[in-house]
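Per mature numbering (1 follows the signal peptide of the UniProt record, and there is no 0): the sequence shown = residues -37 to -1, 1 to 376.
Just so you know, even glycine gets a beta-carbon here, dropped at the ideal spot from N, CA and C.
Quantities reported herein were computed from a predicted structural model and do not represent experimental measurements.
Only one structure is covered here, and it is reproduced in the block below.
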Amino acid sequence: MQKIGTKMANPSSKKCLFLSLLSMFLFLQCMTTCIKASQEEYPKSQESDRVINLPGQPTSPSISQFSGYINVNQHHGRALFYWFFQAQSQWSNKPLLLWLNGGPGCSSVGYGAAAELGPLRVNKNGVGLHFNKYAWNKEANLLFVESPVGVGFSYTNTSSDFTKLDDGFVAEDAYNFLVNWLQRFPQFKTHDFFIAGESYAGHYVPQLAELVYDRNKDTSKYLKINLKGFIVGNPETDDYYDYKGLLEYAWSHTVVTDQHYDKAKQVCDFKSPNWSSECNIVMNQLFEKYNEIDIYNIYAPKCLTNSTSSLAHSSDSVNSLAKVSDYRLRRMRIFGGYDPCFSDYIEEYFNREDVQSSLHASIKGRTTNVKWKVCNGSILAEYNDTVFSILPIYTKLSKGGLKIWVYRLEGEW
């Protein structure tokens, strides 16, 4: 009687078993090698940009994040600062989304990431963070960049760069940033790519999308970027419609009187980039009306702190606009819809040395008495805004098959 388990396999069976085991071994070895190769092909700078933990960050849930600098012009010593969050789940199957805030001159790290759609928000006391359950990285890999140069932690070693700031300059830097960032994070090169932003990013976003769209036509010279579309919120789009809408909004919400509204319609030609002296006067009077309320959210309370950061948000910004006749300085649509004092908390947090160290950021050694600010007023003052309308880009890119989503919130202008 044959005992169970003692029967010997014939030589051919043993050979098949050996080949099967060898095949499995080689497969596993290949997989290990491929994984190592895949890991090794990622630049070491990618891992050095990893943010392990930020001061005051909640222990749960875990967040995969990176931050640091990307050179956009080696000759001028110009680099933009970024903060990146992988999608909370299945990041390899989700799109890459680049977010830009407007101003011009306001930080996407301070506003977009830390106050709006990022997974980590600064607490009201400015000493810690809390998790944002509505973060967009539930559905996308989120990339925030401080642009243009001079915003937040972004810098240049060539001071003349600040005299050249305009939409074309910013779009070129943003494009170079994107290409160089993808070289550092090559695993995202094939992901669907979207660009998003708000306020003056209504200029930045479509113009960067157009640049990517045009250069994708010559892949022998430029990196192919898998651009699928763009998203803009409360965007500055066309000077005529924007300022006409601003006036009508103020009148319909009783910010100005019927007489003021009628006078403005009579003396202002918003189709011209150069306003008449009469139009300057009547529009400055409109901005002065906003001293009593929050210009960016008429239903929200005003911030009553004495912080200098309020310049970019409340009555100080209105005063600046009202005192300066240059029409560019009246384009300061930065943000809206939040705690009116939140910029104070954010500046408190990002000016901490331990926070800057954790983010691989630094403002030391550039100029004296420099602090990180949510908005750089000098950029707003110096910015050369010469593009009257972005609408032709919408037409071009929509015909090119890109998806475009525009949204606007009630209570903001």
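Which same chain residues, not among the five before or five after residue i, have their C-beta less than 6 Å away from its C-beta?
i      : result
Asn100 : Phe48, Ala50, Gln51 and Pro82
Asp130 : His166, Gln170 and Val350
Leu210 : Ala227
Asn34  : Ala42
Phe233 : Tyr203, Tyr206 and Lys207
Pro18  : Asp317 and Val318
Lys87  : Tyr308
Arg178 : Tyr185
Can you name the start and end residues of the alpha helix (DSSP H) that residue i belongs to?
i      : result
Arg147 : Asp130 to Arg147
Arg178 : Ala164 to Arg178
His216 : That residue, His216, is in no alpha helix (DSSP H); it is neither H nor E in DSSP.
Arg247 : For the sequence presented, residue 247 should be read as Asn rather than Arg. Ser240 to Lys252 is the span of the alpha helix (DSSP H), which, as asked, contains Asn247.
Val318 : Glu316 to Ser321
Ser8   : Lys7 to Ser11
Which whole-angstrom value is the C-beta distance of residue i and residue j, which I expect to be below 8 Å?
i      : j      : result
Leu190 : Ala172 : 6 Å
Leu174 : Tyr204 : That pair is no contact at about 24 Å.
Val112 : Asp124 : 6 Å
Tyr163 : Gly66  : 5 Å
Gly73  : Gly31  : With a Cβ gap of about 17 Å, Gly73 and Gly31 do not count as contacting.
Tyr176 : Leu365 : 7 Å
Gly192 : Phe151 : Not quite, the Cβ-Cβ distance comes to about 17 Å (not below 8 Å), so this is no contact.
Quickly, what does DSSP pair residue i with across the bridge? List them, please.
i      : result
Leu190 : Phe156
Lys366 : Gly192
Gly31  : Tyr45
His38  : Answer by DSSP bridge pairing: none, since His38 is not bridged.
Glu161 : Gly196
Val85  : Leu92
Asp205 : Paired residues: none, contrary to the question.
Asn347 : Asp129
Phe107 : Trp46 and Trp62
Tyr118 : Ala42
Cys338 : Cys69
Val14  : Gln28
Ser23  : Answer is none; Ser23 lacks a bridge partner.
Ser183 : DSSP, once it has assigned bridges, lists no residue as partnering Ser183.
Ser352 : Asp201
Closer than 7 Å by C-beta to residue i: which residues in its own chain qualify, once you throw out the five before and the five after it? Chain order, please.
i       : result
Thr(-6) : Here the model assigns Thr(-6) a pLDDT of 44, short of 50, so the residue's position is not dependable and the matter cannot be decided.
Thr153  : Asn189
Val287  : Here the model assigns Val287 a pLDDT of 41, short of 50, so the residue's position is not dependable and the matter cannot be decided.
Ser239  : Val230
Asn314  : Lys334 and Trp335
Leu128  : Pro111, Ile342, Glu345, Tyr346 and Asn347
Gly40   : Thr119, Asn120 and Thr121
Phe305  : Ala78
Leu92   : Leu17, Gly19, Gln20, Pro21, Leu83, Arg84, Val85 and Asn86
Ala98   : Leu80, Gly81 and Pro82
So is residue i buried or exposed if we call it buried at 16+ other beta carbons inside 10 Å?
i      : result
Glu316 : exposed
Asn339 : buried
Ser110 : buried
Asp181 : exposed
Ser71  : buried
Trp46  : buried
Arg371 : exposed
Ile194 : buried
Val90  : exposed
Asn16  : exposed
Gly160 : buried
Val219 : buried
Tyr312 : buried
Arg13  : exposed
Asp221 : exposed
Leu106 : buried
Ser361 : exposed
Ser117 : buried
Asn237 : exposed
Phe94  : exposed
Glu310 : buried
Tyr357 : buried
Leu354 : exposed
Trp368 : exposed
Pro198 : buried
Between residue i and the rest of its own chain, which residues show a CB-CB distance below 8 Å, the 5 nearest in sequence each way excluded?
i      : result
Val245 : His223, Lys226, Ala227, Val230 and Cys231
Trp54  : Ser27 and Asn104
Lys57  : Ala50, Glu102, Ala103, Asn104 and His154
Ser352 : Thr200, Asp201, Asp202 and Tyr203
Gly9   : Residue 9 is actually Gln in this sequence, not Gly. Excluding sequence neighbours, Gln9 sits near Phe29, Arg147 and Phe148.
Pro24  : Gln51 and Phe94
Cys242 : Ala227, Val230, Cys231 and Asp232
Looking at the secondary structure, which residues open and close the beta strand (DSSP E) in which residue i lies?
i      : result
Phe313 : It is not in any beta strand (DSSP E) - Phe313 instead sits in the alpha helix (DSSP H) that spans Phe305 to Phe313.
Leu59  : Leu59 to Leu63
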